Every structure is written in structure tokens, then in C-alpha cells.
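Asks: Before I ask anything, here is the structure I am working with.
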Amino acid sequence: MTVAVVDSGVDTRHPQLRRTRSIDLTATGARDCLGHGTAVAGIIGAAEMKGVPFTGVAPQARLLSIKQTSDGTGDVGRLALAIVRAAELGADVINVSVEARDQADLRNAVTYALAMDAVVVAAAGNVQKEDGTPGPAYPAAYEGVLSVGAAGPDGARADSSNAVTPVSVLAPGRGVTSTWAGRAYREDLEGTSFAAPYVAGVVALVRARHPELDNVRVRRRVELTANGGSGAGTGAGMVNPLLAVSAILPSEQVALAPRQAAPLPGDAVRPAPPEDSRAVSISLWVALGSLAAGVLVTVAGIAVPMGRRRGWRPGSIENQT
Numbered sequence: 002m003t004v005a006v007v008d009s010g011v012d013t014r015h016p017q018l019r020r021t022r023s024i025d026l027t028a029t030g031a032r033d034c035l036g037h038g039t040a041v042a043g044i045i046g047a048a049e050m051k052g053v054p055f056t057g058v059a060p061q062a063r064l065l066s067i068k069q070t071s072d073g074t075g076d077v078g079r080l081a082l083a084i085v086r087a088a089e090l091g092a093d094v095i096n097v098s099v100e101a102r103d104q105a106d107l108r109n110a111v112t113y114a115l116a117m118d119a120v121v122v123a124a125a126g127n128v129q130k131e132d133g134t135p136g137p138a139y140p141a142a143y144e145g146v147l148s149v150g151a152a153g154p155d156g157a158r159a160d161s162s163n164a165v166t167p168v169s170v171l172a173p174g175r176g177v178t179s180t181w182a183g184r185a186y187r188e189d190l191e192g193t194s195f196a197a198p199y200v201a202g203v204v205a206l207v208r209a210r211h212p213e214l215d216n217v218r219v220r221r222r223v224e225l226t227a228n229g230g231s232g233a234g235t236g237a238g239m240v241n242p243l244l245a246v247s248a249i250l251p252s253e254q255v256a257l258a259p260r261q262a263a264p265l266p267g268d269a270v271r272p273a274p275p276e277d278s279r280a281v282s283i284s285l286w287v288a289l290g291s292l293a294a295g296v297l298v299t300v301a302g303i304a305v306p307m308g309r310r311r312g313w314r315p316g317s318i319e320n321q322t
């Protein structure tokens with residue numbers, strides 16, 4: 002599966018992220034100067050490496066870095082362009098650990114990506130309105146987006162996670178470990194920015210295991226198999242990778258066994274006795290013998306009277322001219 006990381010770039014010199022393909026939309030080069038995108042990419046798909054006790058959720062995923070910021074400032078137009086580019090390049094999953102305001106081109110970009118059958122995973126964030134109260138984060142708040150809130154070690158929603166943005170599921174968002182720019186690691190990452198890539202990795206696993214599912218059913222599967230939410234901003238609860246990949250959901254079954262007719266009341270329905278092959282064979286021969294005897298009787302009824310009339314002399318053939 003291809004997972005696009007729409008972020009600040011990825012440090013492809015990191016030994017666990019060398020397979021990452023990078024595209025720069027900022028004209029500053031593909032290098033990650035912030036470390037944010039490198040951390041997000043590591044959570045999603047850091048490759049297994051001997052001696053390192055850290056791997057991504059989907060370590061065999063193909064990572065596609067779309068760099069849309071170099072200094073952390075938000076350019077909504079460039080963010081929209083990055084999402085469109087990821088969809089055009091065939092990304093199965095698009096991770097957006099970015100918080101932005103609602104804007105027509107961003108909304109259209111998400112609509113386009115969903116129409117291309119990509120699963121858009123976005124951080125619920127903690128966007129502040131002008132008066133200081135939290136407001137919804139975009140693109141997480143758009144219909145069809147798999148919005149991710151952050152949870153602490155106890156599984157409850159972290160205080161930093163925005164409860165105003167509609168949340169689909171929670172994922173770890175405190176004390177997170179991942180790769181970092183400069184071939185390094187961080188163990189103190191916090192926020193919905195680092196919860197979203199956990200879910201993006203799970204989505205990559207689901208799409209690999211269930212390639213017949215479109216993005217709507219993949220999103221639904223992740224939500225239905227979560228551990229259950231409680232309170233605002235928790236959605237369906239903590240994402241459950243094992244169930245998301247392996248659970249059997251009846252509505253997804255392509256072919257179901259035909260419904261059996263209801264049995265009659267009482268003892269009206271009894272199991273059929275076992276078939277006796279010897280009895281069947283004898284019955285068949287008796288039937289064939291009866292049929293042969295009947296044919297002989299019929300022939301004799303015709304031939305005997307005719308023989309008596311001729312005195313049992315052979316018949317003659319008259320010449321015809």
C-alpha cells in the first residue's frame with residue numbers, strides 16, 4: 002500500500018525511512034527541517050531494522066512524502082494542492098497531520114481524493130478561534146475523512162485533543178516514540194499530529210488485507226472495530242489494529258448461505274434414513290426383470306395366434322412387379 006505523508010517532508014537519510022519517495026511543493030528542497038513529517042512517517046511505516054526496537058505500524062508500506070510546508074506556517078492552498086497530488090499519484094492512504102481553516106479549495110481537494118478512493122486520515126487538532134475557544138480543525142472535520150483524536154496511556158482522550166472536531170477514533174497521542182530528522186529518534190511526542198499516523202498505518206494494513214473494500218467501507222471497518230468511545234471527542238474509541246484487520250463483519254460478506262426453511266412443528270420433520278445400496282441394487286434388478294417379462298408376454302400374445310393360423314409354417318414373400 003502507498004501512504005502519502007502530507008507534511009514538512011521526510012528525512013530519507015534515516016535508515017528506517019530510506020524507501021520514502023519525496024515530492025517538494027515549497028521550492029525549499031525535500032529535506033525535513035522541522036522533524037514533524039519524519040516523525041509522522043516513522044509511526045506509519047518505519048522499516049524493520051536489526052537491533053532497533055521500533056518499527057512503524059505498517060513497516061512494508063510505500064511512503065510518499067508530499068512536502069507542503071518548510072517552516073510550520075499554514076498555506077491552505079498548498080495543503081490542498083498536496084492532497085490532490087497525493088491522490089493523483091495513486092495513494093491508498095493520505096495522512097494529514099495538519100490543522101487548517103475551512104476553505105473551498107481544501108474542501109474540493111478532499112472531495113477529489115475521496116473520489117479517487119483514497120482514505121484521508123487527518124488529525125483532529127486543537128484549532129483556536131479568535132476568541133480563544135477551540136474550533137473544528139480541517140480537513141479532519143470534513144465529511145468522509147477519518148478524523149483522529151489523541152489518547153493518553155490510560156486510553157482516555159488527552160487534554161490536548163480537540164473535542165469540537167468530529168472524531169472517528171482515538172489513537173496514542175502522549176509519550177509517543179518515532180523517528181526524527183538527523184537520523185535520530187524522539188520519545189516525547191504529543192498531540193493529534195502523532196495519533197493520526199497510527200490510524201493511517203492501520204488503514205494501510207486493512208487495505209492490504211481487504212483489497213476489495215472501497216474507502217468508505219475501510220473507514221467504517223476501522224470505526225466499527227474500535228474499542229468504544231465515551232464522551233465528547235472520543236468517537237468510536239481507541240483504534241484496534243487486530244480487529245480492524247481480522248474481524249468478520251457480516252455486511253461485508255460477498256456470498257451468504259441461503260436461508261434455511263423453518264422446520265415444521267412437532268415431529269413432522271424427521272431425518273431421512275440412511276441409503277441401503279444393496280437394497281437399491283436388488284430393487285433395480287427386480288424392476289428390469291419385470292419389464293422384460295412384460296415385453297415377452299406382449300410378443301407371445303401376437304406371435305402365437307399368427308403361427309396357429311399358418312399351421313406353424315414359415316411365411317412366404319410374394320414377388321411384386
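Positions 2 to 322 (our numbering) are the ones given, in order, by the sequence shown. Note that beta-carbon positions come from the ideal geometry of N, C-alpha and C, so glycine has one too. These figures come from a predicted structure and were not determined experimentally.
Name the DSSP bridge partner or partners of T180?
Replies: DSSP, once it has assigned bridges, lists Y186 as partnering T180.
Asks: Can you grab the Cα-Cα spacing for the pair R210 / T13, in whole Å?
Replies: Their Cα atoms are separated by approximately 27 Å.
Asks: Check for me: the beta strand (DSSP E) holding P242 runs from which residue to which?
Replies: Run containing P242: none in the beta strand (DSSP E); it sits in the alpha helix (DSSP H), 242-247.
Asks: How many angstroms separate the CA atom of V11 from the CA atom of K68?
Replies: Approximately 8 Å between the Cα atoms of the pair.
Asks: Return the residue from the list A201, V240, T166 that minimises the CA-CA distance to I95.
Replies: The shortest Cα separation from I95 among A201, V240, T166 belongs to A201.
Asks: Considering only residues of the same chain and omitting the five flanking positions on each side of V177, which have a CB-CB separation below 6 Å?
Replies: L190, F195, listed in sequence order.
Asks: Could you tell me whether the Cβ atoms of V204 and V217 are closer together than 8 Å?
Replies: Going by C-beta atoms, V204 is not nearer than 8 Å to V217.
Asks: Alpha carbon to alpha carbon, how far is V121 from L244?
Replies: For V121 and L244, the distance between alpha carbons rounds to 20 Å.
Asks: Using the C-alpha atoms, what's the distance from D76 back to S162?
Replies: Roughly 22 Å between the two C-alpha positions.
Asks: Closest by CA to P251, which one among R221, G30, A151?
Replies: Closest option to P251, Cα to Cα, is R221.
Asks: For a test of the three-state rule: what should DSSP assign to A172, helix, strand or coil?
Replies: A172: strand per DSSP, three-state reduction.
Asks: For the alpha helix (DSSP H) containing V203, name the first residue and the last one.
Replies: Counting along the chain, the alpha helix (DSSP H) containing V203 begins and ends at 193-210.
Asks: Thinking C-alpha only, which one of S169, Q17, N109, Q104 is nearest K51?
Replies: K51 has its Cα closest to that of Q17, out of S169, Q17, N109, Q104.
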